[in-house]
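So the protein sequences, as listed, match chains A and B.
With my numbering, you'll find the first sequence wraps up at 226, consecutive numbering, no jumps.
With my numbering, you'll find the second sequence wraps up at 226, consecutive numbering, no jumps.
The C-beta atom is built at its ideal place from N, Cα and C for all residues, glycine as well.
2 protein chains.
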Amino acid sequence: MNSATAPVRRLAATATPDLPESASQGSRGAILNAALHLFAEHGFEGASMRDIATASGIQPATIYSHFPSKQHLLAELVGIGHAEHYRRTSTALLECQPTPAAQVVAFVQAHVRMHAELSMLAVVANAELHALKPEIGGHVFQLREQSTQQLQTLIERGMAGGDFALEDAWLATAAIGGMGLRVAYWYGDDSDQSVDGIAHTYARFALRILGVADTHPDMPREPNGP
Amino acid sequence: MNSATAPVRRLAATATPDLPESASQGSRGAILNAALHLFAEHGFEGASMRDIATASGIQPATIYSHFPSKQHLLAELVGIGHAEHYRRTSTALLECQPTPAAQVVAFVQAHVRMHAELSMLAVVANAELHALKPEIGGHVFQLREQSTQQLQTLIERGMAGGDFALEDAWLATAAIGGMGLRVAYWYGDDSDQSVDGIAHTYARFALRILGVADTHPDMPREPNGP
DNA sequence: TGTCAATACGAACGTTCGTTCGGTTCATCG
DNA sequence: CGATGAACCGAACGAACGTTCGTATTGACA
Chain A
1 MNSATAPVRR
11 LAATATPDLP
21 ESASQGSRGA
31 ILNAALHLFA
41 EHGFEGASMR
51 DIATASGIQP
61 ATIYSHFPSK
71 QHLLAELVGI
81 GHAEHYRRTS
91 TALLECQPTP
101 AAQVVAFVQA
111 HVRMHAELSM
121 LAVVANAELH
131 ALKPEIGGHV
141 FQLREQSTQQ
151 LQTLIERGMA
161 GGDFALEDAW
171 LATAAIGGMG
181 LRVAYWYGDD
191 SDQSVDGIAH
201 TYARFALRIL
211 GVADTHPDMP
221 REPNGP
Chain B
1 MNSATAPVRR
11 LAATATPDLP
21 ESASQGSRGA
31 ILNAALHLFA
41 EHGFEGASMR
51 DIATASGIQP
61 ATIYSHFPSK
71 QHLLAELVGI
81 GHAEHYRRTS
91 TALLECQPTP
101 AAQVVAFVQA
111 HVRMHAELSM
121 LAVVANAELH
131 ALKPEIGGHV
141 FQLREQSTQQ
151 LQTLIERGMA
161 GGDFALEDAW
171 LATAAIGGMG
181 LRVAYWYGDD
191 SDQSVDGIAH
201 TYARFALRIL
211 GVADTHPDMP
221 REPNGP
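Below, the structure written as structure tokens:
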């Protein structure tokens with residue numbers, strides 16, 4: 001009955017460790033952290049430099065001692081987010097068995113974990129990418145393309161080897177990537193789902209999308225109990 | 001090589017029929033249409049009333065002859081989007097066979113078609129929902145909840161009847177809903193995929209996620225050729 | 001023909017925006 | 001001790017913001 005008064009939040013998370021540790025120290029880190037929270041909740045245009053200054057406990061002018069502009073602040077966050085995503089998926093692919101199904105499982109689990117554990121960073125990197133001027137964003141777009149290509153290549157190789165049963169690798173890439181992306185918006189500290197459980201289930205969903213039977217040896221088993 | 005200069009678009013569509021016909025006539029319709037394009041591309045806070053006025057060929061002050069505020073402009077668009085989505089999925093469910101698998105196929109195809117054919121409306125209704133003040137948004141949140149509940153109920157009934165093989169109805173709802181939602185962002189006028197083809201494939205993906213065999217009679221067959 | 005309501009307009013209101021400027025503090029180091 | 005440079009601040013800049021005001025135009029109807 002209180003549905004008309006509660007504000008509508010853009011994502012569920014509030015207090016997760018929102019930045020990889022290296023970037024969250026000192027005044028510069030405080031600014032980044034405040035900008036991350038405000039950009040995630042209100043969007044780039046919806047958060048002012050004064051808001052960011054207040055949230056990080058310093059004056060607006062001081063932000064310009066650490067970042068040349070609001071755009072560069074966004075660029076740093078979007079860059080960190082994409083780099084972290086690419087780092088996680090790449091590492092996961094290096095550490096798993098070299099079969100197509102196992103690689104898809106590794107990729108999807110890393111993908112999902114990223115969007116759950118660093119949901120604010122993921123939301124900003126995805127939803128505010130359009131606000132980033134190309135001359136400042138630059139290399140981020142390449143990283144983004146590479147991450148998509150990673151998954152699509154896995155799927156195409158599985159199709160070519162007869163491991164997967166589907167017609168269109170691109171549609172499957174979009175579907176699997178998209179369902180993982182959305183995790184960042186609904187996963188919160190109070191979710192009754194564990195990150196491991198979500199990653200496990202989504203990996204299973206991904207293999208099912210690709211036409212892999214539940215009896216396949218690479219199909220993820222039940223995760224450990226609570 | 002031109003990757004550093006091209007602006008990053010938020011969604012791919014540009015010229016689709018962006019509003020249900022009834023709402024797009026007269027000056028009021030021109031304003032709504034301009035606001036839809038600008039909100040979709042730049043976000044609510046990123047588009048100014050002057051931008052909307054210029055795009056619709058009238059003066060800023062005149063907008064206030066048709067809408068009491070910028071918030072109400074957004075509320076109307078978000079409301080139309082959610083109403084249209086709920087109308088499409090509800091109609092689809094009424095017209096299909098009453099088996100769980102056929103109902104999921106009908107829902108997912110309507111869901112996907114909505115996000116492809118009215119991609120701007122879908123982007124605004126989803127990505128800008130957080131900018132809508134609760135006292136102005138109001139009933140939209142109920143519609144949103146109902147649409148999610150529609151799909152989750154279908155899945156739960158299929159699970160109870162033994163038609164689907166999975167553990168968690170909510171995770172499947174989130175995954176299937178999320179992958180369809182993302183279609184609005186990448187589907188464009190120049191996509192080499194047809195809307196029918198995408199809807200067909202995503203319905204198939206959905207049934208696979210739910211553990212339905214490819215040989216099940218409700219599994220969608222190949223759509224008609226080109 | 002006179003009146004009313006709807007639609008449109010140019011100009012301006014007060015506020016907030018991103019950013020800059022001049023100056024202060026303070027630890028570091030020759 | 002004096003110099004240096006980074007971090008920080010209060011105050012202000014011009015521009016852009018959502019919105020309001022007073023007025024002009026118009027078509028429908030008495």
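Inter-segment contact for the region 206 to 220 of chain B and the region 32 to 49 of chain B is absent: fewer than three beta-carbon pairs are separated by less than 8 Å.
Within chain B, the residues whose beta carbon sits less than 8 Å from that of His130 (chain A) are Val8, Arg9, Arg10, Glu41, His42, Gly43, listed in sequence order. Listed in chain order, the positions of the region 110 to 131 of chain B with a beta carbon within less than 8 Å of a beta carbon of chain A are Ala127, Leu129, His130, Ala131.
Uninterrupted alpha helix (DSSP H) stretches at least 4 residues long and entirely within the region 57 to 130 of chain A occur at 60 to 63, 70 to 95, 100 to 117, 119 to 127, given in chain order.
Taking the C-beta atoms as reference points, Gly177 (chain A) is found nearer than 9 Å to Arg182 (chain B). What Thr201 (chain B) touches in chain A, judged by beta-carbon distance under 7 Å, is Asp168, Leu171, going in chain order.
For the 9 Å CB-CB criterion, Ile209 (chain A) and Ile209 (chain B) form a contact. With fewer than 16 other Cβ atoms inside 10 Å of its own Cβ, Ser69 (chain B) counts as exposed.
In this structure, the beta-carbon distance from Tyr185 (chain A) to Leu11 (chain A) falls below 9 Å. Rounded to the nearest angstrom, the gap between the Cα atoms of Gly138 (chain A) and Ala160 (chain A) is 34 Å. Taking a beta-carbon distance threshold of 9 Å, Arg182 (chain A) counts as an interface residue toward chain B.
When Cβ pairs closer than 8 Å are counted between the two stretches, the region 80 to 94 of chain A is seen to touch the region 108 to 126 of chain A, the count reaching three or more.
In terms of beta-carbon proximity, Met159 (chain A) stays away from the interface with chain B, with every pair separated by 9 Å or more. Counting of Cβ neighbours within 10 angstroms places Gln103 (chain B) among the buried residues, the total reaching 16 or more.
Here the alpha carbon of Ala75 (chain A) sits roughly 44 Å from the alpha carbon of Val212 (chain B). Here the alpha carbon of Ile136 (chain A) sits roughly 16 Å from the alpha carbon of Asn126 (chain A). At a C-beta separation below 8 Å, Ile198 (chain A) has these neighbours in chain B: Leu171. With respect to the C-alpha of His82 (chain A), the residue from A:Gln146, A:Arg50, A:Ala47, A:Met49 having the closest C-alpha is A:Gln146. Counting other Cβ atoms within 10 Å of its Cβ, Gln97 (chain B) stays below 16 and is therefore classed as exposed. Within chain A, the residues placing a beta-carbon under 7 Å from that of Ile209 (chain B) are Phe205, Arg208, Ile209, ordered along the chain. Contacts between Met179 (chain B) and chain A, judged by CB atoms closer than 7 Å, involve Ala175, Gly178, Met179 in chain order. Among the residues of chain A, those whose CB is under 7 Å from the CB of Gly46 (chain B) are Glu45, Ala131, following chain order. DSSP, read as helix, strand or coil, puts Ala213 (chain A) in coil. Less than 9 Å separates the beta-carbon of Leu171 (chain B) from that of Gln193 (chain A). Neighbourhood of Gly137 (chain A) in chain B, by CB distance below 8 Å: Val8, in chain order. In summary, Ala61 (chain A) is exposed, with fewer than 16 beta-carbon neighbours lying within 10 Å of its beta-carbon over all protein chains present. Counting along the chain, no alpha helix (DSSP H) covers Ser194 (chain B), and no H or E run does either.
A direct Cα-to-Cα measurement between Ala165 (chain B) and Gly158 (chain B) gives close to 9 Å. Rounded to the nearest whole angstrom, the CA to CA distance from Ala199 (chain B) to Thr173 (chain A) is 15 Å. Proximity of Ala165 (chain B) to chain A, defined by a Cβ-Cβ separation below 9 Å, is satisfied.
Residue A:His130 holds the alpha-carbon nearest to the alpha-carbon of Pro7 (chain B) among A:Ala175, A:His130, A:Val195, A:Arg50. When the beta-carbon positions are compared, Ala35 (chain B) and Ala47 (chain B) come within less than 9 Å of each other. For Gln193 (chain A), the residues of chain B that pass the 9 Å Cβ criterion are Asp168, Trp170, Leu171, in the order they occur in the chain.
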